[in-house]
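Chemist: Here it is, the structure, as structure tokens.
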Amino acid sequence: MTQAIKTAKEGEIWAVGGGKGGTGKTFLSSCLGTLLARKGRPTVLVDMDIGGANLHSFFGIERPHHSLTSFFEMGSQLSDLLVRTEIDHLSLITGDIHSIASDTIKFSQKLKLFRQIMKLNAQFVIIDLGAGSHLNTLDTFLIADKMIVVLAPEVIAIENMYHFIKNSLFRKVKQTLKEYGFKEIVQHIWDRRQNYGIRNLKELIDYLKDRFSYIGTILDNELANFRIYLILNQVRSKQDVLLGASIKSVLQKYLGVEILYVGAVEYNDAVWRSVRERKPFLLNYLSTGCAKDIETLGENILKEREIMMPGGSM
Amino acid sequence: MSRAHLAKYFHVLEIPTEATLRDVQNAYLRLKRLYSDHSIVLAPLEEEFTDKKRLKVLEEIEEAYHKLLAGIHAEPPKAAALFPEESPGVPVEKNLENMAYSGVALRKVRERLGIDLNEIAKELKLRLDLLRAVEDERFEALPEEAYLKGHLKNYARYLGLNVDRVLEDYLGRYVAWKAKKPGLKR
Chain A
478 MTQAIKTAKE GEIWAVGGGK GGTGKTFLSS CLGTLLARKG RPTVLVDMDI GGANLHSFFG
538 IERPHHSLTS FFEMGSQLSD LLVRTEIDHL SLITGDIHSI ASDTIKFSQK LKLFRQIMKL
598 NAQFVIIDLG AGSHLNTLDT FLIADKMIVV LAPEVIAIEN MYHFIKNSLF RKVKQTLKEY
658 GFKEIVQHIW DRRQNYGIRN LKELIDYLKD RFSYIGTILD NELANFRIYL ILNQVRSKQD
718 VLLGASIKSV LQKYLGVEIL YVGAVEYNDA VWRSVRERKP FLLNYLSTGC AKDIETLGEN
778 ILKEREIMMP GGSM
Chain B
108 MSRAHLAKYF HVLEIPTEAT LRDVQNAYLR LKRLYSDHSI VLAPLEEEFT DKKRLKVLEE
168 IEEAYHKLLA GIHAEPPKAA ALFPEESPGV PVEKNLENMA YSGVALRKVR ERLGIDLNEI
228 AKELKLRLDL LRAVEDERFE ALPEEAYLKG HLKNYARYLG LNVDRVLEDY LGRYVAWKAK
288 KPGLKR
């Protein structure tokens with residue numbers, strides 16, 4: 478499914494997710510959009526936080542005229558729903574779709590949405606995902622060229638993030654095997670996992686690889702591109718920054734997925750002040766440490782490189 | 108000079124193949140700490156990332172560390188020289204197997220790891236002259252045994268050494284000196 482869509486693509490898609498709410502996904506999405514646009518790169522922000530859409534308010538837009546609601550309910554074209562922001566080269570598709578429950582989005586609508594996202598006339602499309610690991614959220618995450626996860630340094634956020642990444646990976650494995658014609662095999666084995674002595678996703682993947690060498694080859698090839706860009710937000714100490722390195726390590730050693738730890742963003746009261754002022758953060762608070770962290774991580778995502786750790790290399 | 112045959116070990120320690128001995132040391136200490144206790148990073152995966160798996164990861168980290176110490180240490184100083192495929196290089200600790208951890212031995216290990224004394228002082232929040240006194244075995248300048256023990260422990264851990272052995276060897280020398288010391292006995 479995704480393969481066919483990806484061939485007709487215009488710009489580079491970044492999706493920002495991570496499981497728990499309140500970690501700063503929307504805030505950071507707004508900042509990444511601002512950064513790219515200010516580099517003169519035409520950028521579209523898409524608010525896919527279904528039920529909790531508020532990306533527009535980070536740009537001081539009160540009640541947008543258009544939103545994804547028109548796409549789902551009136552069959553509007555996505556490109557007709559673009560709302561301009563006060564920043565050159567940056568527009569927005571708002572997600573004020575309180576009338577739509579995520580569950581009611583049909584499969585065909587989802588495909589159409591993905592196809593139109595890919596066709597948006599922009600160099601970068603940044604998708605702000607809502608909290609949670611709903612299938613629609615995971616599928617949207619998986620169409621991205623760069624899958625970005627935002628995390629705050631606290632236990633529940635870490636737990637939810639593991640859950641989110643595991644589910645994304647599981648979904649990817651299923652999609653991949655489906656594309657190769659092994660649609661039922663994963664579900665079949667998973668449903669009978671106790672008979673196979675399988676307790677979790679990792680063991681399922683290992684089992685499949687071990688048992689069916691051709692599946693192993695397919696998964697190795699396809700999952701080689703499964704790479705997560707990790708951002709740690711709201712850090713208050715050097716210890717918090719190092720936490721990101723630990724999480725990277727655990728995810729790599731446990732799930733075998735590649736993690737690029739691209740940045741840590743300092744906690745700063747200027748953020749909520751800016752949100753209250755309903756002004757793009759990077760326009761007014763460019764000199765804060767927080768803004769500098771965001772600029773650095775934006776560059777890191779662009780160039781696919783990692784954060785410089787305190788005290789030298791990671 | 109190629110480090111290709113060490114790539115696997117660099118990967119285990121999650122550092123690039125051009126890493127210095129110092130990077131290897133840091134990565135080793137960091138990962139060892141991470142997988143040795145139940146931190147908030149591991150806790151949510153406790154059921155899935157079993158103790159068995161965790162211990163295996165620790166073993167791999169240990170192996171990678173020793174292979175890298177040996178491999179990097181055996182590298183000739185000049186890049187032009189050939190790097191032997193199966194280098195018989197010896198890890199820092201192995202090399203010192205039969206040597207007690209005296210002040211001189213500790214300094215040798217530290218220097219070989221390319222760690223500056225200033226850095227340890229800063230990281231461990233210890234006085235530089237105290238660390239110098241430890242390495243010079245100027246016992247009279249050292250604090251009471253209980254304090255010394257604490258400092259030594261941190262110092263040894265920082266260098267990635269076997270803490271118990273360092274304490275045993277070094278404190279053994281310290282106690283011997285104290286017994287011989289003329290004057291006040293407390």
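Chains A and B are the protein sequences, given in the same order. Quick note: to get the numbering used here, add 477 to the position in the first sequence (first position is 1). Quick note: to get the numbering used here, add 107 to the position in the second sequence (first position is 1). Glycine included, C-beta positions come from ideal geometry on N, C-alpha and C.
Give me the DSSP bridge partner(s) of Leu628 of chain A.
Modeler: The count along the first sequence starts at 1 and reaches residue 628 of chain A at position 151. The partner list for Leu628 of chain A (beta bridge, DSSP) reads A:Leu709.
Chemist: Counting only beta-carbon atoms, is Ser553 of chain A nearer than 8 Å to chain B?
Modeler: For the purposes of this step, residue 553 of chain A is identified with residue 76 of the first sequence, where counting begins at 1. No, Ser553 of chain A does not count as interfacial toward chain B.
Chemist: Thinking Ile582 of chain A and Asn613 of chain A are a contact (beta carbons under 8 Å), I'd like their distance in whole angstroms, please.
Modeler: Position 105 of the first sequence, counting from 1, holds the residue named residue 582 of chain A. Position 136 of the first sequence, counting from 1, holds the residue named residue 613 of chain A. That pair is a contact at about 6 Å.
Chemist: Count the other CB atoms within 10 Å of the CB of Phe618 of chain A; is the residue buried (16 or more) or exposed (fewer)?
Modeler: By one-based count along the first sequence, residue 618 of chain A stands at place 141. It is buried - the Cβ of Phe618 of chain A has at least 16 other Cβ atoms within 10 Å.
Chemist: Residues bridged to Arg561 of chain A by DSSP?
Modeler: The sequence position of residue 561 of chain A within the first sequence is 84, counting from 1. DSSP, once it has assigned bridges, lists A:Ser568 as partnering Arg561 of chain A.
Chemist: Enumerate in chain order the residues of its own chain whose CB-to-CB distance from Lys651 of chain A is below 7 Å, with the five nearest sequence positions on each side excluded.
Modeler: Start at 1 with the first residue of the first sequence, and residue 651 of chain A comes out as number 174. Only Val663 meet the Cβ criterion.
Chemist: Any idea what DSSP makes of Phe703 of chain A, helix, strand or coil?
Modeler: Taking the first sequence and counting its residues from 1, one reaches residue 703 of chain A at position 226. Phe703 of chain A: coil per DSSP, three-state reduction.
Chemist: At the level of alpha carbons, what is the spacing between Ala808 of chain A and Glu772 of chain A?
Modeler: Any question about residue 808 of chain A goes unanswered here, given that chain A covers just 478 to 791.
Chemist: With a CB to CB cut of under 7 Å and the five nearest residues on each side skipped, what residues in its chain are close to Arg713 of chain A?
Modeler: Here residue 713 of chain A refers to the residue found at position 236 when the first sequence is read from its first residue. Around Arg713 of chain A: Tyr744.
Chemist: Let me see if you follow: with CB-CB separation under 8 Å, is Ser146 of chain B close to chain A or not?
Modeler: Sequence index remark: in the second sequence, residue 146 of chain B carries index 39 (1-based). It does: the Cβ of Ser146 of chain B has a partner Cβ on chain A nearer than 8 Å.
Chemist: Along chain A, in chain order, which residues have C-beta atoms closer than 9 Å to that of Phe156 of chain B?
Modeler: The count along the second sequence starts at 1 and reaches residue 156 of chain B at position 49. What Phe156 of chain B touches in chain A: Lys679, Val727, Lys730 and Tyr731.
Chemist: Taking its Cβ as the centre, do 16 or more other Cβ atoms sit within 10 Å of Glu783 of chain A, making it buried, or is it exposed?
Modeler: As a working note, residue 783 of chain A is residue 306 in the first sequence. It is buried - the Cβ of Glu783 of chain A has at least 16 other Cβ atoms within 10 Å.
Chemist: Output the distance between the C-alpha atoms of Leu654 of chain A and Ile692 of chain A, rounded to the nearest integer angstrom.
Modeler: Position 177 of the first sequence holds residue 654 of chain A. Position 215 of the first sequence holds residue 692 of chain A. Cα to Cα, Leu654 of chain A sits roughly 8 Å from Ile692 of chain A.
Chemist: Could you tell me if Gln671 of chain A is buried or exposed, where buried requires 16 or more neighbouring beta carbons within 10 angstroms of its beta carbon?
Modeler: Looking up residue 671 of chain A in the first sequence gives position 194. Gln671 of chain A should be labelled exposed.
Chemist: Using a Cβ-Cβ cutoff of less than 6 Å, which residues in the same chain neighbour Tyr142 of chain B once the five nearest sequence positions on both sides are dropped?
Modeler: Looking up residue 142 of chain B in the second sequence gives position 35. Arg161, Val164 and Leu165, listed in sequence order.
Chemist: State buried or exposed for Thr295 of chain B, treating a residue as buried only when at least 16 other CB atoms are found within 10 Å of its CB.
Modeler: Nothing in the structure corresponds to residue 295 of chain B, since chain B is present only between 108 and 293.
Chemist: For chain B, check one thing: does any of its Cβ atoms lie closer than 8 Å to the Cβ of Gly789 of chain A?
Modeler: On the first sequence, position 312 is the one that residue 789 of chain A refers to. Only weak support exists for where Gly789 of chain A lies, its pLDDT of 48 falling under 50; the value from the coordinates is given anyway. Yes, because at least one Cβ of chain B sits closer than 8 Å to the Cβ of Gly789 of chain A.
Chemist: Does the distance from the CB of Glu252 of chain B to the CB of Tyr281 of chain B come in under 8 Å?
Modeler: Looking up residue 252 of chain B in the second sequence gives position 145. Looking up residue 281 of chain B in the second sequence gives position 174. Cβ distance < 8 Å, so Glu252 of chain B and Tyr281 of chain B count as in contact.
Chemist: Considering just the uninterrupted stretch of the beta strand (DSSP E) at Met785 of chain A, what are its terminal residues?
Modeler: Along the first sequence, read from residue 1 onward, the residue named residue 785 of chain A stands at position 308. Neither: Met785 of chain A is in no beta strand (DSSP E) and is coded neither H nor E.
Chemist: Helix, strand or coil, according to DSSP, for Lys497 of chain A in the structure here?
Modeler: Locating residue 497 of chain A in the first sequence gives position 20, counting from the first residue. Coil.
Chemist: Would the region 545-552 of chain A count as touching the region 495-509 of chain A if we require 3 or more Cβ pairs under 8 Å?
Modeler: The region 545-552 of chain A vs the region 495-509 of chain A: no contact.
Chemist: Quick one: grab the DSSP three-state call for Phe584 of chain A.
Modeler: The residue labelled residue 584 of chain A in the question sits at position 107 within the first sequence. Residue state, collapsed to three classes: helix.
Chemist: How would you write the range of the alpha helix (DSSP H) that Asp770 of chain A sits in, first residue to last?
Modeler: The residue given as residue 770 of chain A occupies position 293 in the first sequence. First-last of the alpha helix (DSSP H) with Asp770 of chain A: Gly766 to Lys780.
Chemist: Quick one: which unbroken alpha helix (DSSP H) runs of 4-plus residues sit fully inside the region 205-292 of chain B? Chain order, please.
Modeler: Taking only runs of at least 4 residues, the alpha helix (DSSP H) segments lying wholly in the region 205-292 of chain B are 210-219, 224-231, 235-243, 252-265 and 270-287.
Chemist: Please report whether the beta-carbon of Tyr639 of chain A lies at a distance below 8 Å from any beta-carbon of chain B.
Modeler: Along the first sequence, read from residue 1 onward, the residue named residue 639 of chain A stands at position 162. Chain B contact via Cβ: present.
Chemist: Any heavy atom of the ligand NAD closer than 7 Å to the CB of Leu224 of chain B?
Modeler: Looking at this structure, you won't find the ligand NAD or any other ligand, since it has none at all.
Chemist: Rounding to the nearest angstrom, what Cα-Cα distance links Glu192 of chain B and Leu113 of chain B in this structure?
Modeler: For the purposes of this step, residue 192 of chain B is taken as the residue at position 85 of the second sequence. For the purposes of this step, residue 113 of chain B is taken as the residue at position 6 of the second sequence. In this predicted model, Glu192 of chain B has a pLDDT of only 34, less than 50, meaning its place in the structure is not dependable; the value taken from the coordinates is given anyway. Each residue's alpha carbon lies about 10 Å from the other.
Chemist: Quick check on Ile620 of chain A: does DSSP put it in helix, strand or coil?
Modeler: Counting from 1 along the first sequence, the entry for residue 620 of chain A is found at position 143. Three-state DSSP puts Ile620 of chain A in coil, outside helix and strand.
Chemist: Name the residue from A:Ile490, A:Ser506, A:Gly488 and A:Glu489 whose alpha carbon lies nearest to the alpha carbon of Pro757 of chain A.
Modeler: Here residue 757 of chain A refers to the residue found at position 280 when the first sequence is read from its first residue. Selected option, being the one with the closest Cα: A:Ser506.
Chemist: Taking the straight line between their C-alpha atoms, what separation do you get for Leu237 of chain B and Leu149 of chain B?
Modeler: Taking the first residue of the second sequence as position 1, residue 237 of chain B is located at position 130. Taking the first residue of the second sequence as position 1, residue 149 of chain B is located at position 42. Straight-line Cα distance between these residues: approximately 37 Å.
Chemist: Going along chain A in order, which residues have a C-beta closer than 8 Å to the C-beta of Leu152 of chain B?
Modeler: As a first step, residue 152 of chain B must be located in the second sequence, where it is residue number 45. Under the 8 Å cutoff, chain A gives Tyr639, Val727 and Tyr731.
Chemist: Once DSSP output is grouped into helix, strand and coil, what is the label at Ile179 of chain B?
Modeler: Start at 1 with the first residue of the second sequence, and residue 179 of chain B comes out as number 72. Correct three-state label for Ile179 of chain B: helix.
Chemist: At what residues does the beta strand (DSSP E) containing Ala722 of chain A begin and finish?
Modeler: The residue given as residue 722 of chain A occupies position 245 in the first sequence. Per DSSP, Ala722 of chain A belongs to no beta strand (DSSP E); it is in the alpha helix (DSSP H), Lys715 to Leu732.
Chemist: Under 8 Å between C-beta atoms, does Leu720 of chain A make it to chain B?
Modeler: Your numbering for residue 720 of chain A matches position 243 in the first sequence. Cβ-Cβ to chain B under 8 Å: yes for Leu720 of chain A.
Chemist: So, helix, strand or coil for Ala530 of chain A, using DSSP?
Modeler: Start at 1 with the first residue of the first sequence, and residue 530 of chain A comes out as number 53. Ala530 of chain A falls in the coil class under three-state DSSP.
Chemist: Where do the ends of the beta strand (DSSP E) carrying Ala741 of chain A lie?
Modeler: Here the question's residue 741 of chain A lines up with position 264 in the first sequence. Start and end: Glu735 to Glu743.
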